[in-house]
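Note that this note's numbering numbers the sequence shown so that position 151 is 446, with each residue one more than the last.
Glycine included, each C-beta is placed from N, C-alpha and C at the ideal position.
First comes the structure, then the notes that go with it.
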Amino acid sequence: MDLVVYTDAAERGGAESSMGMFIERFRPDIRVTVVGPHEPVIRWLASRRTGSRWMVLDEIRDRSDVAAMVQHRRAFRWLDPDLVHFNLSTMSSCQWALAAALSIPGLPVVVLEHSPVGTWSGLSNRLKRITSRRADAHVAVGHAAARLIEQLGDLPPGSMTVIHSGVPIEELDPPARTDDRFTIGMLSRHDPVKGIDLAIRAVERLGPDVRLVVVGDGAERPALEALVEQLGVGDRVELDGWDDRARHRLAGVDLYLLPSRLEAFPVTVMEAMQAGVPVVATDVGSVREAVDDGETGIVVPAPAPLSDHVAGTAAAARADEVTVAAIVDAVTRLRDDPEARRRMGDRARVVGRDRFDAAAGVAAWEQLYDRVLAGRRG
Numbered sequence: 296m297d298l299v300v301y302t303d304a305a306e307r308g309g310a311e312s313s314m315g316m317f318i319e320r321f322r323p324d325i326r327v328t329v330v331g332p333h334e335p336v337i338r339w340l341a342s343r344r345t346g347s348r349w350m351v352l353d354e355i356r357d358r359s360d361v362a363a364m365v366q367h368r369r370a371f372r373w374l375d376p377d378l379v380h381f382n383l384s385t386m387s388s389c390q391w392a393l394a395a396a397l398s399i400p401g402l403p404v405v406v407l408e409h410s411p412v413g414t415w416s417g418l419s420n421r422l423k424r425i426t427s428r429r430a431d432a433h434v435a436v437g438h439a440a441a442r443l444i445e446q447l448g449d450l451p452p453g454s455m456t457v458i459h460s461g462v463p464i465e466e467l468d469p470p471a472r473t474d475d476r477f478t479i480g481m482l483s484r485h486d487p488v489k490g491i492d493l494a495i496r497a498v499e500r501l502g503p504d505v506r507l508v509v510v511g512d513g514a515e516r517p518a519l520e521a522l523v524e525q526l527g528v529g530d531r532v533e534l535d536g537w538d539d540r541a542r543h544r545l546a547g548v549d550l551y552l553l554p555s556r557l558e559a560f561p562v563t564v565m566e567a568m569q570a571g572v573p574v575v576a577t578d579v580g581s582v583r584e585a586v587d588d589g590e591t592g593i594v595v596p597a598p599a600p601l602s603d604h605v606a607g608t609a610a611a612a613r614a615d616e617v618t619v620a621a622i623v624d625a626v627t628r629l630r631d632d633p634e635a636r637r638r639m640g641d642r643a644r645v646v647g648r649d650r651f652d653a654a655a656g657v658a659a660w661e662q663l664y665d666r667v668l669a670g671r672r673g
């Protein structure tokens, strides 16, 4: 099977890491070519699998980029794959490239939605409905996320397939602890939707004996650094860049925090659970499909929606305050009760490995590809 994987992501995040994991583990007869407009991401994805190819195309910014759309269509025809897999990091990702692929008669197309986040206009909403209905399969990473995407995209209820991403089971070697303080860990790109600002505000209230380590990077980094300085918590907050051993660092933290304003099915939560780390997470997207509240972690109220946060409304400030207070309370409970923390961590490890083994996700994708191709041939 010749498979083209397309992404227009400009930087590596959870959606790209998850796709890279699949690419690495697909069965040997699946030959992968990674295509998209941003070379660092494309090359990184292709490097996950020996023998993979990659191709960088011009970015399609809007419908006026006719030359880029023609280039995409020609590239898809020249590659002549058995199937194209579009990896959407947001709901508004890849839409014009997807339209170009769907304009080629007989080319099977599968769409994976990683997040119900997106920037919308009347035209993009109409295009989304058209491309979603014409794709051979439309997939979400969680049930709650699927229902939200259907609602936001005005898609038929129940029209999406759900395949949990999963993560590979690894025995992680925790790094040597050089700090005795209670440590909260996060793996996250620096983006307002991830709520890192909420985590920083919570750490300010938790006092000097608690520190926050955020492994990741992104466009919001300068704003986060300014907030750290403003709150005077530079000795308690570490904003580290991406690390190839980031997952191993999870094994060395006391608690994993997901303070997101919106998520689909957070891969990092699954990684933390498999590492035996209890999770505190906001009640967004499909978080409750991953975290059993009171058993593997604590689910706290969701903050304000991203649009309200960006607008800076009073209602957003109130909602964010409720979330920060709930994070402080949850962290305090687990910090002060080592036995509960150990019990939740042990349960998280069992659930994470039983429920979210990557092998099941890889098999589900391979079966979906086979069904799509069989349906086309039949």
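**OP:** Only counting runs of 4 or more residues, tell me where the alpha helix (DSSP H) segments fall wholly within the region 467 to 523, in order along the chain.
**Re:** Scanning the region 467 to 523 for uninterrupted alpha helix (DSSP H) segments of 4 residues or longer gives 491 to 501, listed from N- to C-terminal end.
Subject >> V484 versus V626: straight-line alpha-carbon distance, rounded >> reply: The question names Val, but residue 484 in the sequence shown is Arg. The alpha-carbon atoms of R484 and V626 are separated by roughly 22 Å.
**OP:** Evaluate contact between the region 425 to 436 and the region 392 to 401, counting only Cβ atoms and requiring at least three cross-stretch pairs below 8 Å.
**Re:** Result yes; three or more Cβ-Cβ pairs closer than 8 Å.
Subject >> C-alpha gap between L298 and L443, whole angstroms >> reply: Spanning the two alpha carbons is a distance of roughly 28 Å.
Original post:
Quick one: is P598 buried, meaning 16 or more other Cβ sit within 10 Å of its Cβ, or exposed?
Top reply: Per the 10 Å Cβ criterion, buried.
**OP:** Just confirm the distance between the C-beta atoms of A643 and P561, as a whole number of angstroms; I'd bet it's less than 8 Å.
**Re:** Taking a contact as a CB-CB distance under 8 Å, the pair A643 and P561 does not count as one, their CB atoms being some 13 Å apart.
**OP:** Return yes when the Cβ of D353 is within less than 8 Å of the Cβ of A363, no when it is not.
**Re:** Yes.
**OP:** On a CA-only basis, which of E311, V329, G315 is nearest Y301? Give me that one, please.
**Re:** Ranked by how close their Cα comes to the Cα of Y301, the residues E311, V329, G315 have V329 in first place.
Original post:
Got a sec, what are the start and stop residues for the beta strand (DSSP E) G331 sits in?
Top reply: In this chain, the beta strand (DSSP E) harbouring G331 covers 326 to 331.
Subject >> Alpha-carbon spacing of H409 relative to I355, whole angstroms >> reply: Each residue's alpha carbon lies about 20 Å from the other.
Original post:
How many whole angstroms separate the CB atoms of H604 and R637, which I take to be in contact at a CB cut-off of 8 Å?
Top reply: With a Cβ gap of about 35 Å, H604 and R637 do not count as contacting.
Original post:
If you check the beta carbons only, do P452 and V667 fall under 8 Å apart?
Top reply: Between P452 and V667, the gap from beta carbon to beta carbon reaches 8 Å or more.
Subject >> Sequence-distant residues of the same chain with beta carbon closer than 6 Å to K489, five excluded per side >> reply: Counting only Cβ-Cβ distances below 6 Å, and skipping sequence neighbours, we find S483, S555.
Original post:
Assuming V436 and A614 make a contact with CB atoms under 8 Å, what is their CB distance in whole Å?
Top reply: Actually they do not touch by this definition, with Cβ atoms about 25 Å apart.
**OP:** Go ahead and pull the three-state DSSP assignment for H543.
**Re:** Here H543 sits in helix by DSSP.
Original post:
Helix, strand or coil for F321 per DSSP?
Top reply: Coil.
**OP:** Sort out for me which residues DSSP pairs E306 with in a bridge.
**Re:** In the DSSP output, where bridge partners are listed per residue, E306 has none listed.
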